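Visitor:
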């Protein structure tokens with residue numbers, strides 16, 4: 001998950017100051033931008049040298065071939081002048097033609113050694129650059145409230161009766177219908193484990209079916225995803241902090257071959273957004289096929305590290321739950337991702353209005369956004385028993401931030417057109433959505 005490197009290159013039309021401003025608004029390290037620029041300049045210099053050296057190898061081989069063809073004396077002294085050695089990547093054909101065959105062969109050995117050294121530098125500098133680049137967040141949309149305090153989330157709109165009624169809480173209700181057993185769940189699964197029972201099982205299945213049906217008629221293809229992902233793929237869709245605070249690691253045998261002791265590392269998904277994001281990994285999508293809309297459904301698994309002390313009464317901040325995910329791939333043209341972003345939060349609102357659940361929609365402040373989101377709207381339902389709003393939907397526009405690392409592209413292949421166009425992505429959970437451009 002990264003920004004386009006050309007955004008850091010002024011000669012390519014990039015605007016590093018815009019990225020610095022966005023980082024500052026996120027209350028993140030602005031010096032990362034300068035680090036990326038520095039490593040990128042070094043990388044491009046080394047990459048140019050590496051390319052020149054590769055061309056030099058061909059030129060030397062050609063020069064040797066010409067001399068052998070003419071049956072020139074090969075010479076006995078392979079000493080190469082210092083000024084020649086100092087310019088290994090910049091030697092001209094006429095300079096090479098003045099050297100003997102043995103000198104050219106010695107020169108090729110020197111070029112090979114220099115080429116190997118330069119290639120290592122290219123790989124190392126790219127790793128440094130990408131490491132810094134991965135820590136920089138997406139460019140914030142200009143409607144995002146700049147604040148590092150979630151108390152300043154902007155309420156965009158409200159729906160329904162928001163008066164406080166304290167007769168029964170959400171916890172009371174699930175107990176009254178005998179639909180939840182947290183005590184036995186904790187014994188079996190550990191902290192915040194639970195069993196759904198009787199009417200709550202039917203209710204959960206009913207609201208999942210309702211959500212899928214509503215999305216399906218609007219052109220969203222239902223997608224039932226895998227529950228775990230390979231490590232190398234998860235690294236392309238999850239932030240580093242998620243591996244420590246959120247994701248469960250699963251280790252298994254590397255293969256089904258008898259005697260194979262290798263270990264395969266996988267991770268349980270925290271959201272169906274993750275496998276759906278990777279669904280078109282390394283693919284070129286025809287522009288005529290866009291936008292592509294998915295309605296993902298899956299069980300999700302989260303460690304919820306750091307939630308100790310928060311209000312977790314009832315089925316909140318649990319380690320396992322079901323979720324519906326809107327996920328859209330679109331082109332970056334004609335502001336399409338923002339139109340679809342509004343569509344997705346609208347889908348979620350229509351759903352909760354149909355269920356007659358009061359809510360408000362809030363614009364999440366800059367300091368609380370994850371790196372991928374350019375903007376995020378949350379739908380928070382009103383819980384009258386506790387007199388509080390609770391997040392049920394999160395809808396984000398990620399532009400091309402995630403699609404870039406996953407190499408999800410659209411249009412003609414680069415080989416055909418000479419250009420690469422990243423898809424845009426948007427997504428939302430609990431009948432929310434994310435957009436990937």
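Numbering (UniProt numbering), first residue to last: 1 to 437.
Glycine is no exception: its CB is placed at the ideal position from the N, C-alpha and C atoms.
The model shown is predicted, which means the values in this text are computed figures rather than measured ones.
1) Going straight from the alpha carbon of residue 269 to that of residue 394, what length do you get?
2) Quick one: which unbroken alpha helix (DSSP H) runs of 4-plus residues sit fully inside the segment 243–291? Chain order, please.
3) Report the option in 38, 69 and 98 whose CA atom is closest to the CA atom of residue 132.
4) Decide if residue 69 is buried, meaning its Cβ has at least 16 other Cβ atoms within 10 Å, or exposed.
5) Return the chain-ordered ranges of every beta strand (DSSP E) run that is complete within the segment 46–133 and spans a minimum of 3 residues.
6) Which full runs of the alpha helix (DSSP H) of 4+ residues lie inside the segment 344–421, going along the chain?
7) Given 8 Å as the limit, is there contact between the segment 190–202 and the segment 250–268, that is, 3 or more CB pairs closer than that?
8) Would you call the segment 153–170 in contact with the segment 370–390, where contact means no fewer than 3 C-beta pairs closer than 8 Å?
9) Pull up the distance between the alpha-carbon of residue 9 and that of residue 377, whole angstroms please.
10) Rounded to a whole number of angstroms, what is the C-alpha to C-alpha distance between residue 416 and residue 289?
11) Within this structure, are the beta carbons of residue 373 and residue 138 separated by less than 8 Å?
12) Can at least three beta-carbon pairs, one atom from the segment 355–363 and one from the segment 233–244, be found at a separation below 8 Å?
13) Our contact map puts residue 366 next to residue 145 with C-beta atoms below 8 Å; I'd like the distance itself, whole angstroms only.
14) In the DSSP assignment, find the unbroken alpha helix (DSSP H) run with residue 207 in it and report its ends.
15) Per DSSP, what kind of secondary structure is residue 165 in: helix, strand or coil?
16) Mind checking whether residue 62 and residue 108 have CB atoms under 8 Å apart?
17) In this structure, what does DSSP give as the bridge partners for residue 294?
18) Counting pairs of Cβ atoms below 8 Å between the segment 222–236 and the segment 274–282, do you hit three or more?
19) In this structure, how does DSSP classify residue 181 when only helix, strand and coil are distinguished?
20) With a threshold of 8 Å, are at least 3 pairs of Cβ atoms found where one atom belongs to the segment 5–24 and the other to the segment 406–413?
21) Figure out for me which residue from 402, 318, 210 and 364 has the closest Cα to the Cα of residue 246.
22) Using CA coordinates, which residue listed in 402, 82, 362 and 329 is at the minimum distance from residue 439?
23) The beta strand (DSSP E) spanning residue 236 covers which residue range?
24) Sorted by chain position, which residues of the same chain lie with C-beta nearer than 6 Å to residue 151's C-beta, five sequence neighbours on each side aside?
25) Answer with buried or exposed for residue 185, where buried requires no fewer than 16 other C-beta atoms within 10 angstroms of its C-beta.
26) Report the CB separation of residue 203 from residue 180 in whole angstroms; it is logged as a contact under 8 Å.
27) Output needed for residue 304: all residues of its chain with C-beta closer than 6 Å, excluding positions within five of it in sequence on either side, in chain order.
Guide: In short, the structure shows the following:
1) For residue 269 and residue 394, the distance between alpha carbons rounds to 17 Å.
2) For the segment 243–291, whole alpha helix (DSSP H) runs of length 4 or above, ordered along the chain, are 273–277.
3) When C-alpha distances from residue 132 are compared across 38, 69 and 98, the shortest belongs to 38.
4) Counting C-beta atoms within 10 angstroms of its own C-beta, residue 69 has fewer than 16 neighbours from the protein chains shown and is therefore classed as exposed.
5) Within the segment 46–133, no complete beta strand (DSSP E) run reaches 3 residues.
6) Taking only runs of at least 4 residues, the alpha helix (DSSP H) segments lying wholly in the segment 344–421 are 401–406 and 414–417.
7) Of all C-beta pairs linking the segment 190–202 to the segment 250–268, fewer than three are shorter than 8 Å, placing the two stretches out of contact.
8) The segment 153–170, when compared against the segment 370–390, does touch it at the 8 Å Cβ threshold.
9) For residue 9 and residue 377, the distance between alpha carbons rounds to 31 Å.
10) Residue placement at residue 416 cannot be trusted, given a pLDDT of 43 that sits under 50; the coordinates are not used to answer.
11) Cβ atoms of residue 373 and residue 138: closer than 8 Å.
12) No: the two stretches stay apart, fewer than three of their Cβ pairs being nearer than 8 Å.
13) Right, the Cβ-Cβ distance comes to about 7 Å (below 8 Å), so this counts as a contact.
14) Per DSSP, residue 207 is one residue of the alpha helix (DSSP H) stretching across 198–216.
15) Looking at residue 165 - three-state DSSP - the assignment turns out to be coil, as it is neither helix nor strand.
16) Cβ distance not < 8 Å, so residue 62 and residue 108 don't count as in contact.
17) Residue 294 is bridged to 221 and 327.
18) Segments in contact, yes.
19) Here residue 181 sits in strand by DSSP.
20) By the criterion of at least three beta-carbon pairs nearer than 8 Å, the segment 5–24 is not in contact with the segment 406–413.
21) The option with the nearest alpha carbon to residue 246 is 318.
22) The requested residue 439 does not occur in the structure, where the chain is confined to residues 1 to 437.
23) Counted as a single uninterrupted DSSP element, the stretch harbouring residue 236 is not any beta strand (DSSP E) but the alpha helix (DSSP H) occupying residues 231–237.
24) Excluding residues within five positions, none has a Cβ falling inside 6 Å.
25) Buried, because 16 or more other Cβ atoms sit within 10 Å of the Cβ of residue 185.
26) That belief does not hold up - the Cβ atoms of residue 203 and residue 180 are roughly 11 Å apart, past 8 Å.
27) Cβ within range, chain order: 317.
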